[in-house]
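K.L.:
Questions regarding the structure given below will be posed in turn.
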Amino acid sequence: MGFLGERYAIAGVGETDWTRESGRTPLTLAVEAAQDALADAGLVPQEVDGFLSYAEGDSADGLHLASALGAQPNYAAEIVGGGSSAEFLVATAAAAIEAGLCSTVLCYRAMNGRSGRRFGTQESDGFSFEQIYPFSSFFSTQGITSPAQHYALIARRHMHEYGTTTEQLGAVALQFREHAGRNPRAMMHGRPLTMTDYLGAPPIVDPFVLFDCCLETDGAAACIVTSVDRARDLRQTPVSVLGAATRSGGSNVYHYGLPVITEAAGHHLAPRLFEMAGLRPGDVDVAGIYDCFTFTVLIQLEDYGFCEKGEGGAFVEDNRLSLGGALPCNTAGGQLSEAYTHGMNNLIEVVRQLRGDYVGTHRQVAEAEVGLSTGWGGPEVASALLLGARG
Amino acid sequence: MTPRPLPNPDTQPFWDGCDRHELRFQRCDACETFRFYPGPLCPSCGAADHQWQRVKGTGEIYSYVVVRRAMSSGFAAEVPYVVALVELDETGGIRIPARVVDCPVADVFIEMAVEVGFEAVSDEITLPVFTPITQD
Numbered sequence: 000m001g002f003l004g005e006r007y008a009i010a011g012v013g014e015t016d017w018t019r020e021s022g023r024t025p026l027t028l029a030v031e032a033a034q035d036a037l038a039d040a041g042l043v044p045q046e047v048d049g050f051l052s053y054a055e056g057d058s059a060d061g062l063h064l065a066s067a068l069g070a071q072p073n074y075a076a077e078i079v080g081g082g083s084s085a086e087f088l089v090a091t092a093a094a095a096i097e098a099g100l101c102s103t104v105l106c107y108r109a110m111n112g113r114s115g116r117r118f119g120t121q122e123s124d125g126f127s128f129e130q131i132y133p134f135s136s137f138f139s140t141q142g143i144t145s146p147a148q149h150y151a152l153i154a155r156r157h158m159h160e161y162g163t164t165t166e167q168l169g170a171v172a173l174q175f176r177e178h179a180g181r182n183p184r185a186m187m188h189g190r191p192l193t194m195t196d197y198l199g200a201p202p203i204v205d206p207f208v209l210f211d212c213c214l215e216t217d218g219a220a221a222c223i224v225t226s227v228d229r230a231r232d233l234r235q236t237p238v239s240v241l242g243a244a245t246r247s248g249g250s251n252v253y254h255y256g257l258p259v260i261t262e263a264a265g266h267h268l269a270p271r272l273f274e275m276a277g278l279r280p281g282d283v284d285v286a287g288i289y290d291c292f293t294f295t296v297l298i299q300l301e302d303y304g305f306c307e308k309g310e311g312g313a314f315v316e317d318n319r320l321s322l323g324g325a326l327p328c329n330t331a332g333g334q335l336s337e338a339y340t341h342g343m344n345n346l347i348e349v350v351r352q353l354r355g356d357y358v359g360t361h362r363q364v365a366e367a368e369v370g371l372s373t374g375w376g377g378p379e380v381a382s383a384l385l386l387g388a389r390g
Numbered sequence: 000m001t002p003r004p005l006p007n008p009d010t011q012p013f014w015d016g017c018d019r020h021e022l023r024f025q026r027c028d029a030c031e032t033f034r035f036y037p038g039p040l041c042p043s044c045g046a047a048d049h050q051w052q053r054v055k056g057t058g059e060i061y062s063y064v065v066v067r068r069a070m071s072s073g074f075a076a077e078v079p080y081v082v083a084l085v086e087l088d089e090t091g092g093i094r095i096p097a098r099v100v101d102c103p104v105a106d107v108f109i110e111m112a113v114e115v116g117f118e119a120v121s122d123e124i125t126l127p128v129f130t131p132i133t134q135d
């Protein structure tokens, strides 16, 4: 058992409803998700003394959320990790508690991702990627303005090197849509998807079609991190953090200059992650793999060691990611079919599977004892957690 | 209008080069490594001294995308358009993102030989673009 294993746990999770137009501010969404997670854990806001969040100029920070909830925390911080941030937050919360800065941390992401500022557009509110990414001028002037356009560059190269096919990308989209069909709260619940639908979908940026791209969602999701000892006294079954690892390797443009661009950040952090937990990829019973695009799932399956480099396409065939498959993945529908919260919804679904929240329904992964949650903040930026059912 | 670059002291020589129809990159004085994007130190050896060296601008497509739906309204009239990562000759393999023009979208492929051209998008700004090298 690794360093973190006996010490820290996720004590509660929560979220808002998922909509395309919330009619609420990010602050109000954050309050609702926080209240849901606090109720899950059996805590009141004044018992939370740390707030961690992430944003791209589109949210409400921890100071404002704390004030709105009537809490006066000792510690609040914002993480810059894009889509890898959910796991970064949990890892950072454990580190902050270990350092004695605080004892109970609310981690959250709140955004009006559809009705507010949409990723990939640069028009709203005079926003320019140059404000966040100093070298975006080299891309935006050439017509690369969205994450889809960036990651399609890597997907195309992956297809060239390994023969990865469009149908293999489609298999990921279909699988997560099937999971959304089991989740009444998913935005794509009740909207089954066939391979014919997938192949006939509007192209966005070759090789990606509409269903390769995640949803855009208004909403918020949250989880609460505290010590295992404290979590055992709370309302919910604790889910312990068995391992955590992060990688902030560089910018997209740095990645594109590397000799190999089809190995991403997970490739570098996975050995540290599994070593910390004393586990191997084969020990993982349920996974939440960051699915801003179908392709990011496929490449991460390789990077985290579930198959060899180049074999991600073959891995996702034969229903391996289904609830009864070798690696049940994104079982609430993922960001492709449940909701896009920049990763936090995938993380809290893994927690629920490990707690056995769905026992007795067609959503529960049988004997789920070890969970993996990964984040993708770009090809060089990632974080991941290994989580354990026993607290 | 399409997005315009926001040149800064690190990147200004690149854009000035484009204005003169020259493709120029920083090259380390100490270890002679080219670098992209522009920056104050050589990522290979850490030395600061460098020249902005002009290159011929030939290379091959390392990867590419075909944008079918513009996410920035300025590009709406341009779709479908191709943006490639072009691996440049004479540079030790640096790769830059750029449009591929004067070529049917369906004809673009990885390893296609291309050469640089320049396209003025305003009085102040000229962009590098690439065209296929035709076989004579």
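Chains as they are written, first to last, in numbering that gives the first Met the number 0: chain A, 0 to 390; chain B, 0 to 135. Note that beta-carbon positions come from the ideal geometry of N, C-alpha and C, so glycine has one too.
#1: What does A:Ala172 touch in chain B if you count any residue whose Cβ is under 9 Å from its own?
#2: Going by the CB atoms, is the gap between A:Tyr197 and A:Val208 shorter than 8 Å?
#3: Contact defined as beta carbons within less than 8 Å: I believe B:Thr90 pairs with B:Asp18. What is the distance between those atoms, to the nearest angstrom?
#4: So, are the CB atoms of A:Tyr74 and A:Arg108 less than 8 Å apart?
#5: Check the Cβ of A:Tyr197 against every Cβ in chain B and list those closer than 9 Å, keeping chain order.
#6: Measuring only between beta-carbons, confirm whether A:Ser123 sits less than 8 Å from chain B.
#7: If you count every other CB in all the chains shown that lies within 10 Å of the CB of A:Val259, and 16 or more means buried, which is it?
#8: How would you call A:Asn111, buried or exposed, if buried means at least 16 neighbouring beta carbons within 10 angstroms?
#9: Looking only at its chain, what residues have a beta carbon closer than 6 Å to the beta carbon of A:Arg362, apart from the 5 residues adjacent to it on each side?
#10: Identify, in the order they occur along the chain, each residue of the same chain with its Cβ nearer than 6 Å to the Cβ of A:Phe210, setting aside the five sequence neighbours on each side.
#11: For the stretch 33–42 of chain B against the stretch 101–118 of chain B, are there 3 or more C-beta pairs whose distance is under 8 Å?
#12: Between B:Glu59 and chain A, is any beta-carbon pair separated by less than 8 Å?
#13: Determine the chain A residues that contact B:Arg67 at a beta-carbon separation under 8 Å, and present them in chain order.
#14: Under 8 Å between beta-carbons, which chain A residues line up against B:Phe74? List them in chain order, please.
#15: Going along the chain, which unbroken runs of the beta strand (DSSP E) with 3 or more residues stay wholly within the stretch 158–216 of chain A?
#16: Per DSSP, A:Cys106 forms a beta bridge with which residues?
#17: So, under 8 Å CB-CB, A:Gly265 and A:Thr340 are touching, yes? Tell me the CB distance rounded to an integer number of Å.
#18: Under the rule that 16 or more other beta-carbon atoms within 10 Å means buried, what is A:Leu371, buried or exposed?
#19: If you run the structure through DSSP and keep just helix, strand and coil, what is A:Tyr303?
#20: Can you name the residues of chain B whose CB is closer than 8 Å to the CB of A:His267?
#21: Using a Cβ-Cβ distance under 8 Å, would B:Pro117 count as near chain A?
#22: Can you pull the chain B residues whose beta carbon is under 8 Å from the beta carbon of A:Gly82, in chain order?
#23: Consult DSSP for A:Thr293 and reduce its assignment to one of helix, strand or coil.
#24: Give a yes or no on whether 8 Å exceeds the smallest Cβ distance from B:Phe129 to chain A.
#25: Identify which residue in B:Asp28, B:Val85, B:Trp14, B:Glu114 has its Cα closest to the Cα of B:His49.
#26: Would a C-beta distance cut-off of 8 Å place A:Ala179 and A:Leu268 closer than the cut-off?
#27: Work out the CA separation of B:Asp122 and A:Val12 for me, nearest whole Å.
#28: Contact criterion: CB-CB distance below 8 Å. Does B:Val54 meet it with respect to chain A?
#29: For the ligand FAD, is there any heavy atom lying closer than 7 Å to the beta carbon of A:Pro378?
#30: Could you tell me whether the Cβ of B:Phe24 comes closer than 8 Å to any Cβ of chain A?
#31: From this set, A:Thr24, A:Ser58, A:Gly312, A:Glu97, which residue's C-alpha is nearest A:Gly49's C-alpha?
#32: Taking the alpha-carbon positions, what's the A:Ile78 to B:Asp101 distance?
#33: Three or more C-beta pairs under 8 Å: does that hold for the stretch 311–330 of chain A against the stretch 283–291 of chain A?
#34: If you drop the 5 nearest sequence neighbours on each side, which residues of the same chain put their C-beta closer than 7 Å to that of A:Cys306?
#35: Could you tell me the alpha carbon to alpha carbon distance between B:Tyr80 and B:Ser62, rounded to whole angstroms?
#36: Would you kindly report the start and end of the unbroken beta strand (DSSP E) that includes A:Ala98?
P.N.:
Reading from the atomic positions:
#1: Translated into positions along the first sequence, residue 172 of chain A becomes position 173. By Cβ distance, chain B contributes nothing, its closest Cβ being about 17 Å from A:Ala172, past 9 Å.
#2: Along the first sequence, one-based indexing puts residue 208 of chain A at 209. Along the first sequence, one-based indexing puts residue 197 of chain A at 198. Annotated as proximal: A:Val208 and A:Tyr197, with beta-carbon spacing under 8 Å.
#3: Position 91 of the second sequence, counted from the start, is the residue given in the question as residue 90 of chain B. Position 19 of the second sequence, counted from the start, is the residue given in the question as residue 18 of chain B. With a Cβ gap of about 20 Å, B:Thr90 and B:Asp18 do not count as contacting.
#4: In the first sequence, counting from the first residue as 1, residue 74 of chain A sits at position 75. In the first sequence, counting from the first residue as 1, residue 108 of chain A sits at position 109. Their beta carbons are not under 8 Å apart, which means A:Tyr74 does not touch A:Arg108 by this criterion.
#5: Reading the first sequence from its first residue, position 198 is the one you call residue 197 of chain A. None at all; the shortest Cβ gap to chain B is about 16 Å.
#6: What you label residue 123 of chain A is simply residue 124 of the first sequence in a count that begins at 1. Summary for A:Ser123: the model assigns pLDDT 44, below 50, so the residue's position carries little reliability; its value from the coordinates is reported in the next sentence. So, not an interface residue.
#7: Translated into positions along the first sequence, residue 259 of chain A becomes position 260. Exposed, by the Cβ-count rule.
#8: Position 112 of the first sequence, counted from the start, is the residue given in the question as residue 111 of chain A. Counting Cβ neighbours within 10 Å, A:Asn111 comes out buried, since at least 16 surround it.
#9: To locate residue 362 of chain A, count along the first sequence from 1; it is residue 363. Here the set comprises Arg181.
#10: The sequence position of residue 210 of chain A within the first sequence is 211, counting from 1. Contacts found: Ala172, Tyr197, Ala200.
#11: no
#12: Here the question's residue 59 of chain B lines up with position 60 in the second sequence. Using a Cβ-Cβ cut-off of 8 Å, B:Glu59 does not count as an interface residue toward chain A, since no Cβ of chain A sits closer than that to its own.
#13: The residue labelled residue 67 of chain B in the question sits at position 68 within the second sequence. Result: Pro201, Pro202, Ile203, Val204, Asp205.
#14: Position 75 of the second sequence, counted from the first residue, corresponds to residue 74 of chain B. Residues of chain A passing the Cβ test: Gly142, Thr144.
#15: Runs of the beta strand (DSSP E) inside the stretch 158–216 of chain A: 202–205.
#16: Counting from one through the first sequence, the residue named residue 106 of chain A turns up at place 107. Bridge partners of A:Cys106: A:Leu51, A:Cys222.
#17: Against the first sequence, residue 265 of chain A aligns to sequence position 266. Against the first sequence, residue 340 of chain A aligns to sequence position 341. Going by Cβ atoms, the distance from A:Gly265 to A:Thr340 rounds to 20 Å, so no, they are not a contact pair.
#18: Within the first sequence, the letter at position 372 stands for residue 371 of chain A. A:Leu371 should be labelled buried.
#19: Within the first sequence, the letter at position 304 stands for residue 303 of chain A. Here A:Tyr303 sits in coil by DSSP.
#20: As a first step, residue 267 of chain A must be located in the first sequence, where it is residue number 268. The contacting residues do not exist; A:His267 stays about 17 Å from chain B at best.
#21: Working through the second sequence from its first residue, we reach residue 117 of chain B at position 118. Going by the sequence as given, residue 117 of chain B is Phe instead of Pro. It does not; no Cβ of chain A falls within 8 Å.
#22: Translated into positions along the first sequence, residue 82 of chain A becomes position 83. Near A:Gly82 there are no residues of chain B at all, since even the closest Cβ is about 17 Å away, more than 8 Å.
#23: Start at 1 with the first residue of the first sequence, and residue 293 of chain A comes out as number 294. Looking at A:Thr293 - three-state DSSP - the assignment turns out to be helix.
#24: Residue numbering aside, residue 129 of chain B sits at position 130 when the second sequence is read from its first letter. Closer than 8 Å: no.
#25: Taking the second sequence and counting its residues from 1, the one referred to as residue 49 of chain B is at position 50. Among B:Asp28, B:Val85, B:Trp14, B:Glu114, the Cα nearest to that of B:His49 belongs to B:Asp28.
#26: Numbered from its first residue, the first sequence carries residue 179 of chain A at position 180. Numbered from its first residue, the first sequence carries residue 268 of chain A at position 269. In this structure, A:Leu268 does not lie closer than 8 Å to A:Ala179 by Cβ.
#27: For the purposes of this step, residue 12 of chain A is taken as the residue at position 13 of the first sequence. For the purposes of this step, residue 122 of chain B is taken as the residue at position 123 of the second sequence. Cα to Cα, the separation comes out at about 54 Å.
#28: Here the question's residue 54 of chain B lines up with position 55 in the second sequence. The beta carbon of B:Val54 does not come within 8 Å of any beta carbon belonging to chain A, so the residue lies off that interface.
#29: No copy of the ligand FAD appears in this structure; indeed no ligand is present at all.
#30: In the second sequence, counting from the first residue as 1, residue 24 of chain B sits at position 25. For B:Phe24, the answer is no, since every Cβ of chain A falls outside 8 Å of its Cβ.
#31: Indexing the first sequence from 1 puts residue 49 of chain A at position 50. Per the Cα distances, A:Glu97.
#32: Within the first sequence, the letter at position 79 stands for residue 78 of chain A. Within the second sequence, the letter at position 102 stands for residue 101 of chain B. Annotation: A:Ile78 to B:Asp101 spans about 43 Å, alpha carbon to alpha carbon.
#33: yes
#34: The residue labelled residue 306 of chain A in the question sits at position 307 within the first sequence. Once the five neighbours on either side are set aside, the close Cβ partners of A:Cys306 are Leu300, Phe314.
#35: The residue labelled residue 80 of chain B in the question sits at position 81 within the second sequence. The residue labelled residue 62 of chain B in the question sits at position 63 within the second sequence. Roughly 14 Å separates the two Cα atoms.
#36: Locating residue 98 of chain A in the first sequence gives position 99, counting from the first residue. Looking at the DSSP string, A:Ala98 is not in any beta strand (DSSP E), and its letter there is neither H nor E.
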